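In terms of the working numbering, the sequence shown opens at residue 11 and continues consecutively.
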Amino acid sequence: MAGRGKVALEDKVAVPRVLMLNKANEWVSAVDPISFDKKIAGVSLGRTFGIEMAKANPKVKIGLIPCAVGGTPIRRWQQNGDLYQAALKRAKTAMKAGVIKGILWHQGESDSGNEDTAKIYEQQLHTMIAAWRKDLGNEKIPVVVGELGQFFKKAKHKDTVDAALKALPKKVKRTAWVSSTGLGHKGDVVHFSAAAYREFGKRYALKIKSLQE
Numbered sequence: 011m012a013g014r015g016k017v018a019l020e021d022k023v024a025v026p027r028v029l030m031l032n033k034a035n036e037w038v039s040a041v042d043p044i045s046f047d048k049k050i051a052g053v054s055l056g057r058t059f060g061i062e063m064a065k066a067n068p069k070v071k072i073g074l075i076p077c078a079v080g081g082t083p084i085r086r087w088q089q090n091g092d093l094y095q096a097a098l099k100r101a102k103t104a105m106k107a108g109v110i111k112g113i114l115w116h117q118g119e120s121d122s123g124n125e126d127t128a129k130i131y132e133q134q135l136h137t138m139i140a141a142w143r144k145d146l147g148n149e150k151i152p153v154v155v156g157e158l159g160q161f162f163k164k165a166k167h168k169d170t171v172d173a174a175l176k177a178l179p180k181k182v183k184r185t186a187w188v189s190s191t192g193l194g195h196k197g198d199v200v201h202f203s204a205a206a207y208r209e210f211g212k213r214y215a216l217k218i219k220s221l222q223e
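Okay, structure coming up:
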């Protein structure tokens, strides 16, 4: 998920032990916008997620590896896809300084407008997760996925994609699903609001912690 929430002063405050790998592959304080895919990048769930994980792990540094590119289909995140390969390169760079402890996935809007892409979404999701675990050398890496915005009504096949996301924990080990209930949009009926992203970050953190315990 490439964040599009409006950035406030609180989002620009550096938090001890919460870092991010920036576009230049440098470790810097995690402040929004963490995403750098487009000029409209804003608040995402990443920073709040990192803060929550730092609270839960007071003796370690939390390193975020933003890779999201907004408006992209899951086919580009398959093992031979350009975005998968770019993200894998960044992940391996990050592994020189630490250990990958989890993967956060929030995507699907681009695939929910077409019946054909929606039908194969589940298979592609499972294949992608298996590829990540293989390429990162850890079959037990926790993966957390999230429900699409409940306000996102215009996509005819959203329910198919959402069903695939929600069913993931029943079909793939060490995965979890996060509900988007109560999370509103920024006024465009497409992107979550900044407040929603922050809450989403907390929900993702809870799920990752449950898989790590």
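Ideal Cβ positions, reconstructed from N, Cα and C, are used throughout, including at glycine. Predicted model only: the values in this text are computed from it and were never measured.
Ala173 (DSSP reduced to helix, strand or coil): helix
For Cys77, the nearest candidate out of Ala101, Lys71 and Lys65 (CA to CA): Ala101
Endpoints, the alpha helix (DSSP H) within which Ile130 is located: Element bounds for Ile130: n/a, residue is neither H nor E.
Paired residues, beta bridge with Gly156 - DSSP: Val188
Contacts around Ile75, its chain only, beta-carbon distance under 7 Å, and the 5 residues preceding and following it disregarded: Leu31, Arg100, Ala101 and Ala104
Cβ separation of Ser120 and His167, assumed to be a contact under 8 Å, to the nearest whole Å: About 11 Å separates the two Cβ atoms, so there is no contact after all.
Touch test, the region 82-95 against the region 141-152, Cβ-Cβ under 8 Å, three pairs minimum: yes
Residues that DSSP places opposite Phe202 in a beta bridge: His195
Proximity winner among Ile110, Ile50 and Asn35, relative to Arg14 (alpha-carbon distances): Ile50
Nearest residue (CA-CA) to Lys16, options Gly197, Gly112, Trp187 and Lys219: Gly197
Where the beta strand (DSSP E) through Leu29 begins and ends: Val28 to Leu31
Where Leu178 sits in the DSSP three-state scheme: helix
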